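Each residue of the sequence shown is one higher than the last, beginning at 485 in the working numbering. Glycine included, each C-beta is placed from N, C-alpha and C at the ideal position. All of these numbers come straight from a predicted model, not from anything done at the bench. Only one structure is covered here, and it is reproduced in the block below.
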Amino acid sequence: MSKRQMPITGFLAKYPRSSSSGSAVQQAVRIPEDARSSPDSVRADEDDVEKAESNTGTDDQPHVSELSTGEKGSIGVPGLSILKKDGPTQPKGPFPKRNGRAFVGTWYDKYPWIEYSGIALRGHLEDRSDPDDMSNNSGNFLSIMKLLASHSQTHREQFEGARNSRYLSPKVQNDLLALGAQWVRRKISQAVASCKFFALIGDESRDNSKTEQLCLTLRYLRPVDSTAPSKALEVVESILLTAPCEALTADYLTELIKDSLLENSINVSDCVSTSFDGAANFSGSKGGVQNLLRERYASRSIHVHCLAHKANLVLTAVCRDIPSIPLLFDTLQEVYVFVSSAAVHPQWMRIQRDVYPNEPPRELRALSETRWNARYESANIMWIRLEAIYDLLDHIIDNDVPDRRAKAEALSRRLDGPFVVGLSMMRWVLKMMSAFTIEMQKVDFNLSDAIARAVELDLVLQRPRADEPDEVWEDVIFGPAKDMCEELEIDFVPQRPVRRVRAEKGPRCRADYRAIFIKVCDALHLELQDRFLGEERQALYDGLDALNPAMEEKFLQAGPLIGMAQHFGIITKDSSAVSGLLAEVRTFRDTLARVDGKPGSLMTLLQFLNEREPIFHNIFQLARVCATIPVSSAQCERGFSGVRRIKNFMRSTMTHGRLSDLIVIHLNRQLASRINEEEVVDDYRDAAERRVDL
485 MSKRQMPITG FLAKYPRSSS SGSAVQQAVR IPEDARSSPD SVRADEDDVE
535 KAESNTGTDD QPHVSELSTG EKGSIGVPGL SILKKDGPTQ PKGPFPKRNG
585 RAFVGTWYDK YPWIEYSGIA LRGHLEDRSD PDDMSNNSGN FLSIMKLLAS
635 HSQTHREQFE GARNSRYLSP KVQNDLLALG AQWVRRKISQ AVASCKFFAL
685 IGDESRDNSK TEQLCLTLRY LRPVDSTAPS KALEVVESIL LTAPCEALTA
735 DYLTELIKDS LLENSINVSD CVSTSFDGAA NFSGSKGGVQ NLLRERYASR
785 SIHVHCLAHK ANLVLTAVCR DIPSIPLLFD TLQEVYVFVS SAAVHPQWMR
835 IQRDVYPNEP PRELRALSET RWNARYESAN IMWIRLEAIY DLLDHIIDND
885 VPDRRAKAEA LSRRLDGPFV VGLSMMRWVL KMMSAFTIEM QKVDFNLSDA
935 IARAVELDLV LQRPRADEPD EVWEDVIFGP AKDMCEELEI DFVPQRPVRR
985 VRAEKGPRCR ADYRAIFIKV CDALHLELQD RFLGEERQAL YDGLDALNPA
1035 MEEKFLQAGP LIGMAQHFGI ITKDSSAVSG LLAEVRTFRD TLARVDGKPG
1085 SLMTLLQFLN EREPIFHNIF QLARVCATIP VSSAQCERGF SGVRRIKNFM
1135 RSTMTHGRLS DLIVIHLNRQ LASRINEEEV VDDYRDAAER RVDL
């Protein structure tokens, strides 16, 4: 059969060719075969558009807008692609050009809101050609744009107009998203450049696609309000990017970090400190990233091992070295697993509502090696729900099937008086460490205050010996444990062993638990001394204390200030520069003696010096450096939490560039909420020729 004898079906059967006007209709709806793959990339022919518009105005001919709502052709867009002898052409179409910029500006104004809220943009079966089809998931972004179109004439015209000029395609979304993230990164780099000093915080973790992601965070000072005359400063930690790691060697990571900083116009030599976790490829003193960065690019940087990780290592070491403590945590984990099972959990919820009618039901917490507060949360919830746990076990023993009855009986025997005393003891110890760890994660915390908190915690953990009275043991640990046992009718720990035993089988009396408590506190004391208060860091700590008004005896000591100023290049080693700094220190002491409202911390000292910067320039620079030195790498951990929220199991094929852009917008909310959509649209307009006048 020849082409002329082929049957007319589908679109042509609905609108047959009857006159010359039919050819005008065909020309008006000509769409190239590649329109589906790149709808915004093909330029139109102005002459063809004028001819099509002039020839399709009679009443007996279907209008172009009617044809666009007809059956879909094989290319997946309204209408059918009809080819001329000289090949396909792309019509201009009736685009509402006058409102293009208003549409795209509002488009982008809504887009960051979606992303820094942390929700998904696209649907799994996104069908942009028919947004009214509710059988397909068109995604949050298109759904919100549809809602805007239902209330705005500008958005309605653009949303329902020609498909190749809507600016809703995934490519356009990625382009505008990248420009928004670029705007945020540009503001971060400008703030770092004006501050001069910054600290680098880094960590790596695996995402849902099994790709190792490097998270880079910058810590720096910036004005609270650039328009305010007070010039108040604040410490911020901004996530700059996430990048996939092709290797995990220190050399590769060092070059990746350097290239990432240079791409964002950040001078690597201005880095005064780095903070990583304890991984050898990051924190190694010889071949780690922190040492390679210092040798190659940032000669003045110092390294701070994340103090929150250190606190977790302290607890891990203590729980491993004292034999009775792992047994306690094993019992906690077994109770959690048993109560969380499908058959037991509904009974657990019901018994909680019966025992605590005025409180919402609580869930037991699992132990975790990586979550810093998991141990305290697990011990605390077990303590405050101990009565309900005993009632649950008794109920299962009396009424349930044999296998669960046997498991409940075994757990009930393990939850005896010694367990209650041990739980009360570790709950107090973990509470002290948890409060310390939470402080280490604060962005506005500085290293001098962190070391001061470590010293205070160390003093609290130095408990009296066994033959001396201890109020904490009597009133906070042993007394509440005894009351709990009496309330639950549990056999309590005797004052002394009932009989002699040949082999030690764990604590058997009150004195044994007192000895374990002292042993735990002594182990924590030694670990804190080794990891936080070692002599190898004393020179750094003395310099920090010399700029912390809370350290009254060490405040403004000349020796540590001179050493610190020379290390960070604030002054040279010339005698004239040293004399100038000493003169500043003497003048500053006299100034503090005359003023009211003396600063009481490093941050208040920084604000005090900021208002007098020309007079005390060198001391002000030192204070800025001390405030910039990080305490922990917790911000990177928050970044990985954002990665898990955004790149979840349903979005695991997301490209690395898009993931990095989403993380920057999502976790830098304060900056992202101020994105100037006019600048973003200007950048998008200037990047290439656009079909709609922007």
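- Per DSSP, the unbroken alpha helix (DSSP H) holding residue 964 starts and ends at 963-972.
- For residue 1023, the closest of 1051, 773, 673 by C-alpha to C-alpha distance is 1051.
- Following the DSSP letters along the chain, one finds residue 953 in no alpha helix (DSSP H), marked with neither H nor E.
- Residue nearest to residue 961 within the set 828, 973, 867 is 867 (criterion: CA-CA distance).
- Taking 8 Å as the upper bound for CB-CB distance, residue 732 and residue 688 are in contact here, some 7 Å apart.
- In the three-state DSSP reduction, residue 704 falls in the strand class (E or B).
- Using a C-beta cut-off of 8 Å, the stretch 934-941 makes no contact with the stretch 846-856, since fewer than three inter-stretch Cβ pairs fall below that distance.
- Straight through space, the alpha carbons of residue 1070 and residue 1038 are spaced by roughly 15 Å.
- Assignment of residue 728 by DSSP, reduced to helix, strand and coil, places it in the strand class.
- Among the bridge pairs identified by DSSP, residue 755 is matched with 682.
- The beta-carbon distance between residue 743 and residue 790, rounded to whole angstroms, is 24 Å. This is too long to meet the 8 Å contact definition.
- Rounded to whole angstroms, the Cβ separation of residue 1167 and residue 663 is 5 Å, and the two are in contact under 8 Å.
- Contact between residue 916 and residue 885 does not hold, since their C-beta atoms are separated by about 42 Å, which reaches or exceeds 8 Å.
- Approximately 18 Å separates the beta-carbon atoms of residue 1090 and residue 702; this is outside 8 Å, ruling out the contact.
- Ranked by how close their Cα comes to the Cα of residue 1021, the residues 1104, 932, 1102 have 932 in first place.
- The alpha carbon of residue 683 has as its nearest neighbour, out of 751, 726, 632, 693, the alpha carbon of 751.
- Beta-bridge pairing by DSSP links residue 689 to 697.
- Ranked by Cα distance from residue 809, the first of 719, 693, 1096, 863 is 863.
- Remark: C-beta atoms of residue 877 and residue 1144 do not approach each other more closely than 7 Å.
- For residue 1032, the closest C-alpha among the options 1063, 748, 1087, 1057 is that of 1087.
- For residue 788, the enclosing beta strand (DSSP E) has its first and last residue at 786-789.
- Taking 4 residues as the shortest admissible run, the stretch 1065-1150 contains the following complete alpha helix (DSSP H) segments, listed from N- to C-terminal end: 1086-1094, 1101-1112, 1118-1130.
- Annotation: residue 781 is outside any alpha helix (DSSP H) and is labelled neither H nor E by DSSP.
- For residue 717, DSSP records a beta bridge to 707.
- When the beta-carbon positions are compared, residue 773 and residue 740 stay at least 7 Å from each other.
- For residue 819, the enclosing alpha helix (DSSP H) begins and ends at 808-823.
- Its chain contains 820 as the residues whose beta carbon lies nearer than 6 Å to that of residue 850, once the 5 sequence neighbours on both sides are disregarded; these appear in chain order.
- DSSP places residue 723 within a strand segment (E or B) once states are collapsed to three.
- Within 10 angstroms of the beta-carbon of residue 1160 lie fewer than 16 other beta-carbons, which makes it exposed.
- Short of 7 Å from the beta carbon of residue 799, and not among the five residues preceding or following it, lie these beta carbons of its own chain, in chain order: 859, 917.
- With fewer than 16 other beta carbons inside 10 angstroms of its own, residue 894 counts as exposed.
- As the crow flies, the alpha-carbon of residue 747 is around 49 Å from that of residue 816.
- Put simply, the backbone Cα of residue 971 is about 22 Å away from that of residue 995.
- Per DSSP, the continuous alpha helix (DSSP H) segment holding residue 889 begins and ends at 886-898.
- Residue range 1042-1051 is occupied by the alpha helix (DSSP H) that includes residue 1043.
- In this structure, residue 792 lies away from residue 1111, with their beta-carbon atoms at least 7 Å apart.
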